[in-house]
Amino acid sequence: MARRRQLYEGKAKILFEGPEPGTLVQYFKDDATANNAQKRGVITGKGVLNNRISEYLMLRLAEIGVPTHFVRRLNMREQLIREVEIIPIEVVVRNVAAGSLSKRLGIEEGTRLPRTIIEYYYKNDQLGDPMVSEEHITAFGWANTQDMDDIISLSLRINDFLTGLFLGVGITLVDFKVEFGRLWDNEDMRIVLADEISPDNCRLWDAKTNEKMDKDRFRRDLGRVEEAYQEVAKRLGILPEAGMRDLKGPETMQ
Ligand code: UDP
């Protein structure tokens with residue numbers, strides 16, 4: 023069979039042309055980067071777990087009416103998605119102080135924020151994804167005010183829903199990053215959730231011990247990175263059927 027055309031390779035995923043027009047195949051790699059790709063590594067089995075975790079979370083979100091790009095999971099490392107026009111903004115939603123917010127504003131990690139805070143970063147690796155305001159976003163035409171209304175209300179709904187979902191399995195959703203895209207249907211356009219939602223782009227702390235169960239274990243060399251991702255999947259009840267054997271070994275791609 024002819025190898026599919028690769029359209030894009032990012033730090034943690036590859037996008038291939040999909041089987042039908044308007045679809046793409048999203049392939050999850052084990053590669054991990056941090057600090058704008060200054061730190062690189064491999065987290066064995068991460069791609070398999072993130073594929074599952076993101077599938078699960080996007081399906082749950084779709085059930086409450088959040089539109090997403092997700093169509094279906096194809097295999098261990100791939101999912102079929104709708105092709106969208108990615109809005110070049112990383113939307114970060116925060117419930118508890120951590121990471122760059124703690125550093126920038128001197129607020130101790132773990133401090134519960136007085137209310138949920140949304141931040142925007144311009145997606146540009148060369149510039150190191152600088153923080154921007156809604157003013158920059160609308161002035162430079164990355165999104166208009168109607169798009170921003172949709173992005174904000176979707177982000178808050180995603181946050182409320184995921185906060186409850188994770189709390190139900192003993193995990194605090196500290197913060198997360200999401201991306202949105204425009205899905206065109208002839209003249210109609212809808213903003214939909216795109217990219218992925220996984221421990222690569224969420225901060226997830228054990229609700230009792232505050233132990234980190236996300237990519238900070240890799241960023242900060244805390245060890246037991248693979249185990250943390252597995253534990254998140256296990257608590258969500260979605261570890262691959264055959265257990266950890268599924269995560270190792272060669273991957274064949276059609
Ligand atoms: N995040 C992400 N991609 C990025 C930057 C941040 O997915 O390029 C996520 C990160 O995992 C965390 C949240 O966004 O859940 C907030 O990250 P922060 O701004 O604190 O940056 P960091 O400390 O990761 O540099």
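Just so you know, the sequence shown maps onto residues 23 to 276 in this note's numbering.
We put the CB at the ideal spot given by N, CA and C, even for glycine.
Check, Outcome
"Closest residue to GLY87 among LYS256, PHE50, LEU215, ASP238 (Cα-Cα distance)", "LEU215"
"Any 3 or more C-beta pairs closer than 8 Å across the region 101–116 and the region 51–68", "no"
"Status (buried if at least 16 other CB within 10 Å, exposed otherwise) for ASN208", "exposed"
"Which listed residue (MET98, GLU77, GLU85, ARG99) has its alpha carbon closest to that of PHE92", "GLU77"
"Residues bridged to ALA119 (per DSSP)", "Paired residues: none, contrary to the question."
"DSSP state of ILE129 mapped onto helix, strand, coil", "coil"
"Host beta strand (DSSP E) of GLY63 (start-end)", "61–64"
"CB contact below 8 Å: ASN117 versus chain B", "The chain inventory of the structure shown lacks chain B, comprising one protein chain alone."
"Beta-carbon contacts of ILE174 that lie in its chain and below 7 Å, excluding the five residues immediately before and after", "ILE140"
"Between the CA atoms of ILE103 and GLY32 - distance to the nearest angstrom", "16 Å"
"Contiguous beta strand (DSSP E) assignments of at least 3 residues, all confined to the region 160–223", "193–207, 210–216"
"For ILE75 and SER220, believed in contact at Cβ under 8 Å, the rounded distance", "5 Å"
"Proximity below 8 Å, CB of GLU278 to CB of GLY67", "Look at the range of the chain in this structure, 23 to 276, and you will see that residue 278 is not part of it."
"Under the three-state DSSP convention, the category THR45 falls into", "strand"
"ALA120 and VAL196 closer than 8 Å at C-beta", "yes"
"Cut-off 8 Å between Cβ atoms - residues of its own chain near LEU81, not counting five sequence neighbours on either side", "PHE92"
"Straight-line Cα distance separating GLU253 from PRO43", "37 Å"
"DSSP-derived helix/strand/coil call for ARG25", "coil"
"Rounded straight-line distance, which links the Cα of LYS61 to that of ARG26", "30 Å"
"Cβ shell of PRO272 (< 7 Å), same chain only, five flanking positions each side left out", "Here the model assigns PRO272 a pLDDT of 49, short of 50, so the residue's position is not dependable, and the following value carries that caveat. Closer than 7 Å at Cβ, skipping near neighbours: no residue."
"Secondary structure of ALA250, DSSP reduced to three states", "helix"
"Contact test: GLY121 Cβ vs ligand 1 heavy atom, cutoff 7 Å", "yes"
"Per-residue burial, LEU184 [other beta carbons within 10 Å of its own, 16 or more giving buried]", "buried"
"Distance between GLU112 and TYR142 (C-alpha atoms, nearest Å)", "6 Å"
"Contact test: ILE213 Cβ vs ligand 2 heavy atom, cutoff 7 Å", "Ligands displayed in this structure: ligand 1; ligand 2 is not among them."
"Span of the beta strand (DSSP E), counted from its first residue to its last, around LYS35", "35–39"
"Residue range of the beta strand (DSSP E) that includes ILE103", "100–104"
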